[in-house]
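> If you scroll down you'll find the structure; I have some questions about it.
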Amino acid sequence: MAKPTSEGVTLFLCGDLMLGRGIDQVLPSPGDPQLYEPYVHSALGYLALAERVNGPIPRPVDLAYVWGDALEELARRSPSLRIVNLETAVTAGGEPWPGKGIHYRLHPGNAPCLKAARVDCCVLANNHVLDWGYKGLDDTLATLRALGIATAGAGTAAASGQRKSAR
62 MAKPTSEGVT
72 LFLCGDLMLG
82 RGIDQVLPSP
92 GDPQLYEPYV
102 HSALGYLALA
112 ERVNGPIPRP
122 VDLAYVWGDA
132 LEELARRSPS
142 LRIVNLETAV
152 TAGGEPWPGK
162 GIHYRLHPGN
172 APCLKAARVD
182 CCVLANNHVL
192 DWGYKGLDDT
202 LATLRALGIA
212 TAGAGTAAAS
222 GQRKSAR
């Protein structure tokens, strides 16, 4: 939680954090690489493109790898609260949302990469929260809860019958 000081509160706000596709493939628990995009049908294709430009990427990489030099800057600035807009479902299951062209997914075994940056809260109110349907959302919420990461912007209201289509 935020630690108020006489100097105030420092926030780290990160937008559009996408940990699917090729990133998920180099982490210790790669998920199913199949994609449902018009031009690329495997996340390994994105990984091949990255390697063509940057050279070989070792596999698996450490969970901190995705943050690069940002971890050093975060340590230097020591923000009171770290909030990211997680544009990736955290699930190994679910079905791709029909009619949607891009579906981001991070295997739950790779979700501790968020802990590598000491993320406090993941905002889920974005266009990828239901990429893998309601099962994907349920898995995302359960995984983040298990990691002790708060969520905002999406949840379940199934018990009260309030769940609606997000098409």
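Quick note on numbering: the sequence shown equals residues 62 to 228 in my numbering. Note that CB positions come from ideal geometry on N, CA and C, so glycine has one too.
(1) For residue 113, which three-state DSSP category applies?
(2) Could you have a look at residue 166 and say whether DSSP puts it in helix, strand or coil?
(3) What separation, rounded to the nearest whole angstrom, lies between the Cα atoms of residue 201 and residue 151?
(4) On the three-state DSSP scale, how would you describe residue 210?
(5) Counting only runs of 4+ residues fully inside the segment 139-186, write out the alpha helix (DSSP H) ranges in chain order.
(6) Roughly how many whole angstroms lie between the Cα atoms of residue 84 and residue 209?
(7) Does DSSP classify residue 77 as helix, strand or coil?
(8) Considering only the alpha carbon of each residue, which of 198, 207, 68 and 108 lies closest to residue 156?
(9) Taking the alpha carbon of residue 149 as the point to measure from, which residue in 129, 101 and 194 has its own alpha carbon closest?
Reading from the atomic positions:
(1) In the three-state scheme derived from DSSP, where H, G and I count as helix and E and B as strand, residue 113 is classed as helix.
(2) strand
(3) 4 Å
(4) coil
(5) 174-177
(6) 22 Å
(7) Residue state, collapsed to three classes: strand.
(8) 198
(9) 194
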